[in-house]
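Residue numbers (the working numbering), protein chains in the order written: chain W, 13 to 268; chain C, 179 to 505.
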Amino acid sequence: MVEARSISPILSVRGLCKSFGAVTASRDVSLELAPGEIHALIGPNGAGKSTLIQQISGALTPDSGSVLLDGQDVTRLDVVQRARAGLARTFQISSLNMDDTVLQNVMLGALGRRGGRLPVFRPVMRDGALLAASAAALGEVGLTEVRAVRTAELSHGQRRQLEVAVALTLQPKVFLMDEPMAGLGVEGSQRLTGFLDGLRRRAPILLVEHDMDAVFALADRISVLVYGHIIATGTPDEIRNDPAVREAYLGEEMLP
Amino acid sequence: MQRETWTNLAILLGLLIVPLWAWVTDEPFTITLATRAVILAIAGVGLNIALGLGGLVSLGHAAFFGIGGYAMGVLASHAQAYSPLLEWPILIEGTKSMPMIWLVAIIAGALLALAIGALSLRTTGAYFIMITLAFGQMLYFFMISWPAYGGEDGLSIYVRNGFPGLNTLDPIQFFAICFTLLVLVLWLFWQVNRSAFGLALGSARQNPDRLRAVGIHPDRTLLVAFTISGAVTGLAGALFADLNRFVSPTMFSWQTSGEIMVFVILGGVGRLMGPVFGAVLFVVLEHVLGGVSEFWHIYLGAILLGVVLFARGGLIGLIAGRAVAHG
């Protein structure tokens, strides 16, 4: 999807800088996410991926630079406002309501998507519109059968699926996925890879991932973050053959 | 869910049968004890909205209990002295009407909770406990040093306030009023818990980051819950004052906050009938053990310790098993 680059980007990160005391976590980071694409962000441990994700999601405010979502400057908006503006993030460590059922977790997403006041005197589990949206999301990730199970009783893989299902209910403009494959076995990773491959048609995905097989199978473009700075952006082939990238990854993971 | 429903019904039924039996056998003191348990249970249900559903460990709920009590005390004392509260710019007179007093107590409790919550919810964990405690103690010392309404001695109200069509001086009729209000408050808790708001509130308790990520503010959700909680506890305060026909700063003391929290923890945090069970047990122990030894709190402490260590779902959890997530 190289031609996608000429279309105006849905997510645009421009010159982000962030320091914690003497430590520079982000140094002039710029990247774009075009409609229909999966843009992967990779980098060795400690490269500043988490800090960058937090600045894009709104948990951290950058020292300078800006984040644009669908043309709107969201740099000063917090996590809640960015979620409402159409940014759906999934967490590296599953961040779910463990005492609630699987269905209740996706219902919460559908509720957030609807916005407005939260009714106090209407049973939420009988809200037809929310139930329909939730059932659809659960069906897509294949969790329909465990919808009544308490989330704490799910397997790790199922929790990862649920994490994605909640993001689906938000019907976002952008998916921001923080290591969705983390802890999944080979089979689980392959299944999720297939799923994300189709998902990009609905909304583009900024994918932070350690699983290089998944990254190189999915990504239209890859950006490599090293010491808080993007040293290369390009197609998987360009990245694979980039000497600077090879050097940065030497002794770490092997690029396929 | 079945077993908990049966347990809940059994507790509610027991709480109804005992005073009715006492009424038949003409033992008004037992009715008064049951009324006390019911009123304390209402305060507990109020706290349970904040603590059980929202996870807000408030050690300052005496503030709402106390302001409800003083809402009654102030209005009734002006009415019995035939002196208006305020003459200018508008005339506000006292009242001996229970519904009017309840309304004022509920609004006062809600507004106070809104103010305290707005400031306290900036903090979490131990700081939240400390700041709510501090607000409660501030009001306690304020009431002690404010002479207009009795100061440290409190206020006596000579005749219980009235309810249209009922004789509130008759213990069983006053019990009936309080019991009805308890059922209404339990209904409110149940409605809140299963609503969309309750779902968000549960997430604010378990995982605020998750709630933010779907575009809902945890702090605002918690503030609404805290306000509802304060309103309910304010109502209980007004009833408590009417039961004793007496209000004093003790209602504002941190011991009161602690006792309300004991009801909730003893019975089961977040469980519909938890605070009811806890309050009943508290009143029974206070009466039975209080007759044996004036140090009965030692035994209460031992029971509380046992519940916290071995029955995390409180006594309701012990009987009815773990809470079932409805889905």
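Ideal Cβ positions, reconstructed from N, Cα and C, are used throughout, including at glycine. On a predicted model such as this, the values are computed, not experimentally measured, just so you know.
Element boundaries [beta strand (DSSP E), containing residue 187 of chain W]: For residue 187 of chain W, the enclosing beta strand (DSSP E) begins and ends at 186-190.
Exposed unless 16 or more other CB atoms sit within 10 angstroms - verdict on residue 17 of chain W: For residue 17 of chain W, the pLDDT reaches just 46, beneath the cut-off of 50, and the residue's location in the model is therefore unreliable, leaving the point undetermined.
DSSP three-state assignment for residue 30 of chain W, whether helix, strand or coil: Taken through DSSP and simplified to helix, strand or coil, residue 30 of chain W comes out as strand.
Beta-carbon spacing of residue 235 of chain W, residue 247 of chain W below 8 Å: The Cβ atoms of residue 235 of chain W and residue 247 of chain W lie no closer than 8 Å to each other.
Selection from W/162, W/193, W/164, W/161 that minimises the alpha carbon distance to residue 176 of chain W: Checking every option, the nearest Cα to that of residue 176 of chain W belongs to W/193.
C-beta neighbour in chain W for residue 372 of chain C, strict 8 Å: Yes, residue 372 of chain C lies at the interface with chain W (some Cβ there is under 8 Å from its Cβ).
CB contact below 8 Å: residue 109 of chain W versus chain C: At least one beta carbon of chain C lies nearer than 8 Å to the beta carbon of residue 109 of chain W.
Range covered by the beta strand (DSSP E) that runs through residue 241 of chain W: Here the beta strand (DSSP E) through residue 241 of chain W covers 241-246.
Distance CB(residue 416 of chain C)-CB(residue 283 of chain C) smaller than 8 Å: Result yes, Cβ atoms of residue 416 of chain C and residue 283 of chain C sit closer than 8 Å.
Unbroken beta strand (DSSP E) run spanning residue 212 of chain W, endpoints: It is not in any beta strand (DSSP E) - residue 212 of chain W carries neither H nor E in the DSSP assignment.
Cα-Cα separation, residue 146 of chain W to residue 118 of chain W: Straight-line Cα distance between these residues: approximately 5 Å.
Per-residue DSSP class, three states only, for residue 488 of chain C: The DSSP-derived three-state label of residue 488 of chain C is helix.
Contacts of residue 380 of chain C in chain W (Cβ-Cβ under 9 Å): Near residue 380 of chain C (Cβ distances below 9 Å), the residues of chain W are 109, 111, 112, 116, 120.
Assumed close pair residue 216 of chain C, residue 360 of chain C - CB separation to whole angstroms, cut-off 8 Å: Contact between residue 216 of chain C and residue 360 of chain C holds, since their C-beta atoms are separated by about 5 Å, short of 8 Å.
Residue 96 of chain W: contacting residues in chain C (beta-carbon distance under 7 Å): Going along chain C in sequence order, the residues near residue 96 of chain W (Cβ under 7 Å) are 393.
CA nearest to the CA of residue 202 of chain W, picked from W/255, W/169, W/218: Taking only the C-alpha atoms, the option nearest residue 202 of chain W is W/169.
Buried or exposed by the 16-neighbour rule on C-beta atoms within 10 Å, applied to residue 21 of chain W: By the neighbour-count criterion, in which a residue is buried when 16 or more other Cβ atoms sit within 10 angstroms of its Cβ, residue 21 of chain W is buried.
Three-state secondary structure (DSSP) of residue 239 of chain C: Residue state, collapsed to three classes: coil.
Residue 497 of chain C versus residue 185 of chain C: straight-line alpha-carbon distance, rounded: Cα to Cα, residue 497 of chain C sits roughly 7 Å from residue 185 of chain C.
Selected residue, minimal CA-CA separation from residue 447 of chain C, among C/422, C/234, C/322: Closest in C-alpha terms to residue 447 of chain C, from the list C/422, C/234, C/322, comes C/234.
Length of the line joining the Cα atoms of residue 159 of chain W and residue 204 of chain W: Between residue 159 of chain W and residue 204 of chain W, the C-alpha separation is close to 19 Å.
Whether residue 46 of chain W touches residue 184 of chain W by CB criterion (8 Å): Not closer than 8 Å, so no.
Short CB-CB distance (under 8 Å) between residue 377 of chain C and chain W: Taking 8 Å as the CB threshold, residue 377 of chain C lines the interface with chain W.
Beta-carbon proximity check, residue 410 of chain C vs residue 419 of chain C, cutoff 8 Å: Contact flag unset, no.
As assigned by DSSP and simplified to three states, the class of residue 292 of chain C: DSSP places residue 292 of chain C in helix when its eight states are reduced to three.
Members of the region 340-370 of chain C that neighbour chain W once the beta carbon cut-off is set at 8 Å: Here the close residues are 369, 370.
Closer than 8 Å to chain W by CB, residue 180 of chain C: Output row for residue 180 of chain C: interface = no.
Below-8 Å beta-carbon distance, residue 131 of chain W vs any chain C residue: Cβ-Cβ to chain C under 8 Å: yes for residue 131 of chain W.
Contact list for the region 206-226 of chain C against chain W, Cβ threshold 9 Å: The residues in question: there are none.
Of the listed residues C/251, C/468, C/492, nearest to residue 339 of chain C (C-alpha basis): Ranking C/251, C/468, C/492 by Cα distance to residue 339 of chain C puts C/251 first.
Local conformation of residue 476 of chain C per DSSP, three classes: DSSP places residue 476 of chain C in the helix class (H, G or I) of the three-state scheme.
Secondary structure of residue 49 of chain W, DSSP reduced to three states: Three-state result, residue 49 of chain W: coil.
CB contact check: residue 16 of chain W to chain C, cutoff 8 Å: Here the model assigns residue 16 of chain W a pLDDT of 45, short of 50, so the residue's position is not dependable, and the following value carries that caveat. Not closer than 8 Å to any Cβ of chain C, the Cβ of residue 16 of chain W fails to qualify, so no.
One or two residues paired with residue 84 of chain W in a DSSP bridge: For residue 84 of chain W, the beta-bridge partners assigned by DSSP are W/81.
Expected contact under 8 Å - CB spacing of residue 136 of chain C and residue 352 of chain C to nearest Å: Look at the range of chain C in this structure, 179 to 505, and you will see that residue 136 of chain C is not part of it.
Check whether residue 227 of chain C and residue 373 of chain C have beta carbons under 8 Å apart: No, the Cβ-Cβ distance between residue 227 of chain C and residue 373 of chain C is not below 8 Å.
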